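Numbering (mature numbering (1 follows the signal peptide of the UniProt record, and there is no 0)), first residue to last: -20 to -1, 1 to 313.
Encoded as structure tokens, the structure appears first; notes follow it.
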Amino acid sequence: MPASVLHLFLLFLFATNCSSYIQLVLASPETESQRDFHVLIKIKASLLGPTLSALPDWDPAAASPSHCFFTGVACDHQSRVISLNLTALPLRGVLPPEIALLDQLVNLTISQTNITSNLPAEISHLASLKLLNISNNNFTDAFPVIYPGGFPSLEVLDAYNNYFSGPLPVNLTTLPKLRYLHLGGNFFSGEIPESYSEISGLEYLGLHGNDLSGRIPASLGKLFKLKGMYLGYFNSFEGGIPAEFGSLASLVRLDMAGCNLTGPIPASLGQLKNLKTLFLQVNHLTGPIPATLGSLPYLESLDFDNNELTGEIPATFSQMIQLKLFNLFDNHL
């Protein structure tokens, strides 16, 4: 059997066994509240603190519903865990796959810790989860595959500032309620998937600070609800700014600084009537500054520093009465 086929076969067995294990535990005779308690104790056993024992008030000798008073834990009226927030706690270690058994979890926030290793793929079984914040940690390797039907309720995915690598996850289009996606500050490589244009409810897209390349998909201009898009800093794209971005009528902040952009600034950006921030500095943009940008009524910050722009500053810029930051340094104007 070829190694690649064997790898896929083993991955299938692993996923099937994990899924079967989760279903078996869900059907066990202990109460749901007791199961949540035991899952929390399993999480505690997988983590370390500054004095080896992590989360000291998570007492294995206690009993349900005392777990609802553990640090970072919140429960509903049936003593089911609905929120786990371990932000800025001095933790290290790994997250166990059993975390997927917290089937009523709505908020999982594990930010600013020293948790390492891979993010368990089983986490996508959390059907009630709306907020997943794992930012500012040391998670490594590829972002886990999202199982079919996984994360059906997820609205916020924040994985900023970790050590994820490899291609950007492509199956995010299966998340019907996703509106906030932050994968910046990692080591993702390759191209931005065209399929991201199908995440129709997306309001925030942060892909800056990676090792991305290729052309920026013009189809991202179909994300009509998008309010913030951040694509710059360390990414190195081919080509320029898609003119289709002028269709992003809800956009408030567009940051494409320092990502090797070439060509002209599209005049269509003057259609972004809600835009407050436009950062295109440290690129290789050429040609004149479009006069249409002067018709942006709410623009507060404009930075085109360190490009190759030519011509004159458009007279229409005198209309931008909200402008507070205006930087055209180091061009050919």
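Cβ atoms here follow ideal geometry from the backbone N, Cα and C, with glycine treated the same way.
Just so it is clear, the structure is predicted and the values come from calculations on it, not from any experiment.
If one requires a minimum length of 3 residues, the beta strand (DSSP E) runs lying completely within the segment 274 to 302 are 281 to 283, in chain order. Residue range E12 to A25 is occupied by the alpha helix (DSSP H) that includes H18.
Per the C-alpha coordinates, the member of H18, L249, S115 and R233 positioned closest to F225 is L249. Excluding its 5 nearest sequence neighbours in each direction, T154 has C-beta neighbours in its own chain below 7 Å: I126, listed in chain order. Looking at the DSSP output, I221 sits in no beta bridge, so it has no partner there. The beta carbon of D138 is closer than 6 Å to those of N113, S115 and H162 in its chain, skipping five residues each way along the sequence. Taking 8 Å as the cut-off, the Cβ atoms of L66 and I90 count as close.
For I62, the uninterrupted beta strand (DSSP E) segment begins and ends at V61 to N65.
Per DSSP, the beta bridge partners of T89 are N65 and N113. In summary, L187 is buried, with 16 or more beta-carbon neighbours lying within 10 Å of its beta-carbon over all protein chains present. Straight-line spacing of the CA atoms in G274 and L206 works out to 22 Å. Excluding the 5 residues flanking it on each side, L303 has same chain C-beta neighbours closer than 7 Å at L279, E280 and L282, in chain order. Taking C-beta separations shorter than 8 Å and ignoring five residues to either side along the sequence, the partners of P30 in its chain run P70, following chain order. Counting the other Cβ atoms within 10 Å of the Cβ of F284 gives 16 or more, which makes it buried. If you check the CB distance, L82 and V136 do not come in under 8 Å. Within the model, the alpha-carbon separation for L231 versus S26 is close to 42 Å.
As DSSP reads the structure, T120 sits in a beta bridge with Y143. In the structure shown, F50 adopts coil according to DSSP, grouped into three states. Of all alpha-carbon atoms in V262, R233 and G181, the one lying nearest the alpha-carbon of N215 is that of V262.
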